[in-house]
Amino acid sequence: MNVWLLHVGEELPVDETPRLFRYGHLANALADRGHQVLRWAPTFQHFRKRQRWNHDHRVDVNDRYAIEFIHSPGYIRNASLARWKSYSILGRRLAERLQHESPPDLIVTGIPSLEWCTVAVDYAERHNVPVVLDVRDLWPDIYLHLLPRSLQPLGELALTPLRRQLRSACQRATAIYGVSQSYLDWGLKHAGRAQTSNDRVVPLGYHRRQLEPSEHDAQLADLAAHGIRGDKLLCVFAGLIERMYDVETIVRAARLLEQRSPGKFQFVICGAGSKLPAVRRAAADLDSVKLLGWVTQPTILALLEMASVGLATYTAGAPQSLPNKPFEYMSAGLPIVTSLPGELPSLLGEHRCGVHYDAGDAESLATAIGFVVDDPKYHAEMGERSRQLFLERFNSPVVYTDFCDSLERVAGVPTQPQLGAAA
């Protein structure tokens, strides 16, 4: 079958040292089963905040997988009017482009952006094409979490047009998918209907690759040059340093643990974002905290091999449910400490591979870390259970085989065996 994938925010094969996320893995999995995949993406690179091209562009990844890039303006801040403007232009330009395209057999469109979802559903209705709406983020709810509580009623008013788009797209989609049950329920609530056999949870999943020996040694040498040592209990945060991430509490917890157990712990924070300067200032006098900024996937892989704990730290009220990062930590066999409520701590508790702390509370985080690492035998058992959970439920081959099977059912085509990589 011919499949279109529409999403605005992932790294792509044309990027420098690209890292595959949800739709990258899905595109490869569909192509490996013999399907033709056309992926629609912006020229603007969301993570690096730079343009890939200054015009529309097409890339043929292989003979079964191509990417059509739509040009639009970029933006500096994730939560900004410039981003809204960029998405609005993307929606208009995509609608113009699709006027000249022959219909596929299936469309998968991710939230965000609602503008692209609306265009996709409009096109699907006109051409009688099944369309899957994939809830990757709770958009536009994410904007409300960035506002003080006193301003949230005004925020709700400002978001009215986007909420109207959201309801319309959810109501008209053939199927709704979510990265967790709560995300699926959110989409169904806006659709105003109960779950059907076409609707399903498909978690994000993670593909863990092995570093070549020379690459591994080079990464370890680079980490050592940054003062990151294997003889300490290493606690790692890798992610965005934005308002919804509880990174400042990591620094305060590191200070407490250094006071109580000098030289025992080391904290490594990887990532970039608007809060990075403030975090740097807070950690300036702490030798036990290393801030590496944005790093490549090989660096993260080598770092997680050395680590003792994976930190999935989010501020109170953050909308995430089952985000990418815990699965990456699980793949490395790490116990996880998280502040998220709901599905993630329930999963970690059920499988005894992680603990919860109270967002914003450094004492709570320090206590949680101590609980995980103080008993070496228990720590090792938690890590092994974490790895096993990953292999059984969140490893990419498991997740994307199910993803492809379900999409083939929605499209009404026979389930296809994997043919192997395309040329």
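Numbering-wise, the working numbering comes out as the position in the sequence shown, counting from 1, plus 872.
Ideal placement from N, C-alpha and C gives every residue a C-beta, glycine not left out.
- Item | Expected contact under 8 Å - CB spacing of P1191 and D1013 to nearest Å | That pair is a contact at about 6 Å.
- Inter-residue Cα distance where the pair is V886 and A938: Approximately 11 Å, taken between the alpha carbons.
- Message: What does DSSP give as the partner residue(s) for T981 in the beta ladder?
- Response: DSSP links T981 through a beta bridge to L878, L1005.
- Item | C-beta contact flag for F941 and H929 at 8 Å | H929 sits close to F941, with the two beta carbons spaced by under 8 Å.
- Item | Identity of the residues DSSP links to Y1186 by a beta bridge | The secondary-structure analysis by DSSP pairs Y1186 across a beta bridge with Y1117.
- Task: May I ask you to report which of helix, strand or coil DSSP gives K1162?
- Result: Strand, per DSSP.
- Neighbour-count burial assignment, H927, 16 or more Cβ in a 10 Å radius: With fewer than 16 other Cβ atoms inside 10 Å of its own Cβ, H927 counts as exposed.
- Item | Distance between L1023 and E888 (C-alpha atoms, nearest Å) | Straight-line Cα distance between these residues: approximately 40 Å.
- Query: What residue ranges within the region 936 to 966 form continuous beta strand (DSSP E) runs of no fewer than 3 residues, ordered along the chain?
  - Reply: Segments of the beta strand (DSSP E) lying fully in the region 936 to 966: 937 to 942.
- Query: Going along the chain, which unbroken runs of the alpha helix (DSSP H) with 4 or more residues stay wholly within the region 1056 to 1094?
  - Reply: Taking only runs of at least 4 residues, no alpha helix (DSSP H) segment lies wholly in the region 1056 to 1094.
- Query: For Q1288, which of helix, strand or coil comes out of DSSP?
  - Reply: Here Q1288 sits in coil by DSSP.
- So what does H929 bridge to, in DSSP terms? Answer by DSSP bridge pairing, in chain order: F941.
- Keeping to the same chain, check which residues put their C-beta closer than 6 Å to that of R1259; ignore five residues upstream and five downstream. Closer than 6 Å at the Cβ level, and outside the excluded window around R1259, lie G1205.
- Task: With DSSP as the reference, label L910 as helix, strand or coil.
- Result: Here L910 sits in strand by DSSP.
- Query: When you compare each of G982, R905, Y1015 to R955 by their alpha carbons, which one comes out closest?
  - Reply: Closest option to R955, Cα to Cα, is Y1015.
- Message: Rounded to the nearest angstrom, what separates P1139 and L1018 at their Cα positions?
- Response: In the sequence under discussion, the amino acid at residue 1139 is Phe, which differs from the Pro named in the question. Taking C-alpha positions only, F1139 is separated from L1018 by approximately 26 Å.
- Buried or exposed for R936, please, with buried defined as at least 16 other CB atoms from any protein chain shown within 10 angstroms of its CB. Buried is the call here.
- Query: Excluding sequence positions up to five away, which residues of its chain have a Cβ less than 7 Å from the Cβ of L1163?
  - Reply: Excluding sequence neighbours, L1163 sits near I1141, V1151, R1152, A1155.
- Message: Less than 6 Å between C-beta atoms, sequence neighbours within five positions excluded: which residues of the same chain meet that for H943?
- Response: Excluding five sequence positions before and after H943, the CB atoms of its chain that fall closer than 6 Å to its own CB belong to T915, H927, D928, given in chain order.
- Item | Span of the alpha helix (DSSP H), counted from its first residue to its last, around F1243 | In the DSSP annotation of this structure, the continuous segment of the alpha helix (DSSP H) that includes F1243 starts and ends at 1234 to 1245.
- Item | Cβ shell of H1223 (< 7 Å), same chain only, five flanking positions each side left out | Contacts found: R1257, L1261.
- Message: I'd like the span of the alpha helix (DSSP H) that includes I1014, first residue to last.
- Response: From DSSP, the alpha helix (DSSP H) with I1014 extends over 1013 to 1016.
- Which word fits N867, buried or exposed, when buried means at least 16 other C-beta atoms lie within 10 angstroms of its C-beta? There is simply no residue 867 to check, as the chain begins at 873 and stops at 1295 in what is shown.
- Are at least three pairs of beta-carbons, each pair with one atom in the region 1271 to 1283 and one in the region 1207 to 1221, less than 8 Å apart? Per the Cβ contact rule, the region 1271 to 1283 is not in contact with the region 1207 to 1221 (fewer than 3 Cβ pairs under 8 Å).
- Message: Helix, strand or coil for N1000? Go by DSSP, reduced to three states.
- Response: Three-state result, N1000: coil.
- Are the Cβ atoms of S1040 and V880 separated by less than 8 Å? No, they are not a contact pair.
- Query: Are the region 1233 to 1241 and the region 1122 to 1135 touching by the rule of at least three beta carbon pairs closer than 8 Å?
  - Reply: The region 1233 to 1241 is in contact with the region 1122 to 1135.
- Are the beta-carbon atoms of V1003 and G1059 separated by less than 8 Å? No, they are not a contact pair.
- Can you grab the Cα-Cα spacing for the pair Y1250 / V1244, in whole Å? The alpha-carbon of Y1250 is positioned some 8 Å away from that of V1244.
- Query: From the DSSP output, which residues share a beta bridge with T1210?
  - Reply: In DSSP, T1210 forms a bridge with A1184, H1228.
- Query: Whose CA, out of Q1067, T1185, I979, lies closest to the CA of Y895?
  - Reply: Comparing alpha-carbon positions, the option among Q1067, T1185, I979 lying closest to Y895 turns out to be I979.
- Task: Using 10 angstroms around the beta-carbon of N950, count the other beta-carbons present and answer buried if the total reaches 16, otherwise exposed.
- Result: N950 comes out buried.
- What does a CB cutoff of less than 8 Å around L1279 pick up in its chain, not counting 5 residues either side in sequence? Closer than 8 Å at the Cβ level, and outside the excluded window around L1279, lie V875, L902, L978, V980, V1004.
- Message: Distance check for V1001 and P976, CA to CA, integer angstroms please.
- Response: The straight-line gap from Cα to Cα measures roughly 7 Å.
- How many Å lie between P1149 and E1114 at the Cα? CA-CA distance, P1149 to E1114, rounds to 11 Å.
- Helix or strand or just coil, what does DSSP make of G1050? In this structure, G1050 counts as strand in the three-state DSSP scheme.
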